[in-house]
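Q: Protein chains in written order, with this note's numbering: chain A, 24 to 276; chain B, 24 to 276.
Here a beta-carbon is modelled for each residue, glycine too, at the ideal position from N, C-alpha and C.
Source: prediction; values computed, not measured.
Got a structure for you, written out below as structure tokens; questions coming shortly.
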């Protein structure tokens with residue numbers, strides 16, 4: 024289990040991997056939205072998302088991916104496959120990945136049973152499926168449709184519906200150990216990467232402590248570039264930004 | 024090397040993996056668009072996209088991912104990291120993954136040299152980087168900004184800018200061995216998955232040759248469900264669709 028709520032240490036790198044589960048993403052029927060949201064949230068709190076994998080509703084594929092990711096990164100976040108239908112196999116697959124039994128969690132059964140009773144709805148076998156989780160898992164609250172996600176080891180298992188995923192993630196964020204937040208600056212450049220590649224590489228060499236990325240954009244038949252600088256130190260970042268801005272100005276002159 | 028332009032065999036399953044490369048995706052700065060486009064295109068031609076991985080501009084991560092994917096699937100498609108700047112390391116990483124030297128391709132140098140000369144632009148060292156590819160790679164034409172992608176083994180290496188990725192993919196599609204195209208039907212259901220989970224599982228049991236998926240939707244405080252059926256045989260698909268539609272109607276009654 025990861026430590027929780029510990030103080031962030033300035034030099035510490037906290038990493039994450041994400042696993043998106045669902046045939047509907049791989050068939051192109053549904054555009055994936057959770058990984059991008061997760062990426063932005065983690066970056067904002069100084070957690071370094073290193074890898075995303077998308078696999079189908081396939082037990083062997085889920086097991087292999089979650090085992091690879093959980094061994095490698097501080098945290099893993101999964102999205103999808105924890106609903107009530109026959110193709111929702113994430114809870115069982117995660118339990119198998121950990122070598123744990125998967126069963127109806129008594130607390131989750133109570134929570135869901137009360138929820139449906141309050142609404143005069145039948146607590147069907149399908150709905151009971153949503154109470155299944157690996158033995159020893161802790162709940163992740165779901166304020167929208169109640170069925171909880173869960174945390175087992177360093178793996179946070181969350182829903183695929185974006186509104187529910189986001190609400191669950193909001194509940195998880197305060198429990199995470201966070202790393203050093205990198206500051207960033209962005210410089211828009213009216214030239215394509217072919218023009219700025221060499222001078223930009225020279226600036227990168229001069230600022231090894233600043234990560235400089237260039238992102239090509241293509242609008243209406245013209246290439247331009249967004250240059251993004253990231254670093255931990257305000258002063259050095261400002262110096263590198265000034266060097267990039269001066270380089271862009273000199274090319275425009 | 025995969026066979027190309029061979030006749031599709033009805034029963035053959037052709038698979039694919041995708042590798043998206045770029046720090047800007049993992050930091051949440053840029054929303055990933057190419058995997059979704061690729062998924063839709065491959066599904067339409069009967070190629071089964073089984074897995075997507077997103078990694079940063081990191082040589083070891085690219086090598087590991089491409090080697091895992093190329094061993095496992097008929098085809099691999101990569102996106103990103105083949106531009107002219109210092110953080111574009113895909114060509115070198117792919118060459119290392121294959122144990123091949125990576126150098127300026129003479130044909131690509133000629134192509135790019137002519138392109139920039141025609142435009143009165145300098146053929147900078149940075150621009151020459153875009154001619155680098157593993158020894159023995161075949162070009163993938165780029166009608167937009169000329170710098171080619173490449174095919175090495177079963178790996179198609181393409182640009183990250185969506186307009187260029189899509190144009191390259193258009194050029195690649197006619198060269199691919201395609202599989203059996205699955206037909207699909209979709210039934211909108213006004214109930215959440217908790218209501219339909221059990222009857223839907225029964226229909227799935229009765230139609231083992233049809234893949235039935237249910238995709239929860241959440242709009243304005245209400246859950247509803249899109250039920251998608253996929254199969255190779257028109258008649259069986261129609262029967263399964265009728266069974267699902269009858270189930271939904273009986274719940275609404």
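Starting from residue 72 of chain B, find everything on chain A with Cβ-Cβ shorter than 7 Å and list it in chain order.
A: 49
Q: Kindly indicate if chain A contains any beta-carbon less than 9 Å away from that of residue 100 of chain B.
A: no
Q: On a Cα-Cα basis, can you pick out the residue from B/257, B/179, B/150 that is closest to residue 206 of chain B?
A: Closest option to residue 206 of chain B, Cα to Cα, is B/257.
Q: Establish whether the CB of residue 60 of chain B and some CB of chain A are separated by less than 9 Å.
A: yes
Q: Just the Cα atoms here: how many angstroms apart are residue 137 of chain B and residue 194 of chain A?
A: Going by the C-alpha atoms only, they are around 56 Å apart.
Q: Could you pull the start and end residues of the alpha helix (DSSP H) that residue 241 of chain B belongs to?
A: That residue, residue 241 of chain B, is in no alpha helix (DSSP H); its beta strand (DSSP E) goes 234-242.
Q: How would you call residue 168 of chain B, buried or exposed, if buried means at least 16 neighbouring beta carbons within 10 angstroms?
A: buried
Q: So, does the CB of residue 109 of chain B fall closer than 9 Å to a CB anywhere in chain A?
A: yes
Q: Are the CB atoms of residue 59 of chain B and residue 51 of chain A nearer to each other than 9 Å?
A: yes
Q: So is residue 24 of chain B buried or exposed if we call it buried at 16+ other beta carbons inside 10 Å?
A: Summary for residue 24 of chain B: the model assigns pLDDT 39, below 50, so the residue's position carries little reliability, and this model does not support an answer.
Q: Quick one: list the residues of chain B neighbouring residue 89 of chain A, beta-carbon separation under 9 Å, in chain order.
A: In chain order: nothing, as chain B lies at least about 13 Å away.
Q: Give the straight-line distance between the Cα atoms of residue 124 of chain B and residue 235 of chain A, rounded to the nearest whole angstrom.
A: Residue 124 of chain B and residue 235 of chain A: Cα-Cα distance of roughly 27 Å.
Q: For the alpha helix (DSSP H) that residue 258 of chain A lies in, which residues bound it at each end?
A: 257-275
Q: Leaving aside the five residues before and after residue 130 of chain A along the sequence, list all residues of the same chain whose C-beta is less than 8 Å from its C-beta, in chain order.
A: 162
Q: Return yes when the Cβ of residue 251 of chain A is within less than 9 Å of the Cβ of residue 208 of chain A, no when it is not.
A: yes
Q: Please give me, in chain order, every unbroken run of the beta strand (DSSP E) with length at least 3 that falls completely inside the region 185-218 of chain A.
A: If one requires a minimum length of 3 residues, the beta strand (DSSP E) runs lying completely within the region 185-218 of chain A are 206-212, in chain order.
Q: Compute the distance between the beta-carbons of residue 220 of chain B and residue 57 of chain B, then report whether it is under 9 Å.
A: no
Q: With a 10 Å radius around its C-beta and 16 neighbouring C-beta atoms as the bar for buried, classify residue 213 of chain B as buried or exposed.
A: exposed
Q: Are the beta-carbon atoms of residue 106 of chain A and residue 170 of chain A separated by less than 9 Å?
A: Going by C-beta atoms, residue 106 of chain A is nearer than 9 Å to residue 170 of chain A.
Q: Ignore the nearest five residues each way along the sequence and tell me which others in residue 216 of chain A's own chain have a CB closer than 7 Å to its CB.
A: So the qualifying residues of the chain are 237, 239, 248.
Q: For residue 55 of chain A, tell me which candidate among B/77, B/268, B/121 has the shortest Cα-Cα distance.
A: The alpha carbon of residue 55 of chain A has as its nearest neighbour, out of B/77, B/268, B/121, the alpha carbon of B/77.
Q: Counting only the same chain and skipping the five closest in sequence on each side, list residues whose C-beta sits under 7 Å from that of residue 178 of chain A.
A: 89, 93, 99, 101, 117
Q: Can you find a C-beta in chain B that's less than 9 Å from the C-beta of residue 63 of chain A?
A: yes
Q: Is the Cβ of residue 240 of chain B closer than 9 Å to any Cβ of chain A?
A: yes
Q: Using a C-beta to C-beta distance shorter than 8 Å, which residues of chain A count as neighbours of residue 55 of chain B?
A: The contacting residues are 55, 58, 59.
Q: With burial defined as no fewer than 16 other Cβ atoms inside 10 Å of the residue's Cβ, what is the status of residue 197 of chain B: buried or exposed?
A: exposed
Q: Taking CB distances under 9 Å as the criterion, tell me whether residue 183 of chain B reaches chain A.
A: Chain A, which has a Cβ nearer than 9 Å to the Cβ of residue 183 of chain B, makes this yes.
Q: So residue 84 of chain A packs on residue 74 of chain B, CB below 8 Å; how close in whole Å?
A: 7 Å
Q: For residue 264 of chain B, I'd like the list of residues in its chain whose CB is within less than 7 Å of its CB, leaving aside the five on either flank, ordered along the chain.
A: 208, 210, 252
Q: Which residues in the same chain as residue 30 of chain A place their Cβ atom closer than 6 Å to its Cβ, once the five residues preceding and following it in sequence are excluded?
A: Confidence is the limiting factor: at residue 30 of chain A the pLDDT is only 40, short of 50, which leaves the residue's position unreliable, though a coordinate-based value still follows. The answer is none, since no qualifying residue turns up.
Q: So is residue 271 of chain A buried or exposed if we call it buried at 16+ other beta carbons inside 10 Å?
A: buried
Q: Using only the alpha-carbon positions, how far apart do residue 122 of chain B and residue 71 of chain A sit?
A: 30 Å
Q: Does the beta-carbon of residue 231 of chain A have 16 or more other beta-carbons within 10 angstroms, so that it is buried, or is it exposed?
A: exposed
Q: With a CB to CB cut of under 7 Å and the five nearest residues on each side skipped, what residues in its chain are close to residue 46 of chain B?
A: 79, 80
Q: Where do the ends of the alpha helix (DSSP H) carrying residue 162 of chain A lie?
A: Premise fails: residue 162 of chain A lies in the beta strand (DSSP E), 161-163, not in any alpha helix (DSSP H).
Q: Leaving out the 5 sequence neighbours to the left and right, which residues in its chain are closer than 7 Å to residue 192 of chain B when beta-carbon positions are compared?
A: 61, 64, 181
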